Structures are given as structure tokens and as C-alpha cells.
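**Q** Position in the sequence shown (first residue = 1) + 5 = the working numbering.
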Amino acid sequence: MEEYSYPIDVDWTTDEIIDVVDFFEAIEKADEKGVIASELKDKYRKFKTVVPGKAQEKTLFKEFKENSGLESYSAVKQLKDTDDSDVIKI
6 MEEYSYPIDV DWTTDEIIDV VDFFEAIEKA DEKGVIASEL KDKYRKFKTV VPGKAQEKTL
66 FKEFKENSGL ESYSAVKQLK DTDDSDVIKI
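1. Could you tell me the distance, in whole angstroms, from the CA atom of residue 39 to the CA atom of residue 15?
2. With C-beta atoms as the reference, is residue 81 less than 9 Å away from residue 49?
3. With which residues is residue 81 paired in a DSSP beta bridge?
4. Residue 92 bridges to which residues according to DSSP?
5. Name the residue from 51, 71, 36 and 21 whose alpha carbon lies nearest to the alpha carbon of residue 83.
6. Pick from 45, 25, 41 and 21: whose alpha carbon is nearest that of residue 66?
7. Buried or exposed: where does residue 34 fall if 16 or more other Cβ atoms within 10 Å of its Cβ makes it buried?
8. Taking the Cβ atom as the reference point for each residue, do residue 90 and residue 32 lie within a distance shorter than 9 Å?
Written as C-alpha cells, this is what we have:
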């Protein structure tokens with residue numbers, strides 16, 4: 006895996022930062038070799054507890070894309086049409 010800079014809010018707790026970073030690492034995995042849909046769903050669910058609003062989610066996705074070139078939204082969009090055992094690849 007490459008080393009990327011992750012978008013982080015200074016007001017988040019350590020656990021919240023871990024949940025957000027875990028989600029973006031799953032996005033990296035989806036780009037590099039694919040990630041099982043159930044794993045990405047779980048990490049996205051935890052991410053949404055930290056970032057419940059769509060506007061902040063879009064902002065974080067944009068910042069991550071600027072830093073990594075990876076499109077988080079396309080992976081999340083694929084979750085809607087997949088079974089838990091399917092592999093998500095971007």
C-alpha cells in the first residue's frame with residue numbers, strides 16, 4: 006500500500022480517527038486488489054457514525070481524492086448493488 010495523507014478533523018477522538026482511517030485504507034485496498042463488500046460496508050458504517058452528514062462526507066472524499074487520486078464515492082456507490090461476498094474494485 007502507498008502512504009497517503011488522510012483527511013482528519015482535530016475535534017475527533019482517537020477512536021473516531023481510527024474509524025475514518027480504516028475506511029480510507031479499505032478504499033485503497035479496493036483500488037489495489039479489491040475489498041470484500043461486507044468489509045467495506047462495515048468500515049463505511051463506522052465512518053458514517055463519525056461523519057453523518059453528506060456535506061462533510063463529500064468534503065472528506067474530495068480531500069482524499071486530491072491526496073491519493075482515489076475516488077471513494079465510486080466504491081461506496083458499488084455497495085448498493087452488491088452482495089456481502091462480492092468484491093468491490095475501483
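Note that the Cβ used here is the ideal one computed from N, Cα and C, for glycine as well.
These figures come from a predicted structure and were not determined experimentally.
**A** On the basis of the data shown:
1. 30 Å
2. yes
3. Looking at the DSSP assignment, residue 81 forms no beta bridge with any residue, so it has no partner.
4. 41
5. 36
6. 25
7. buried
8. no
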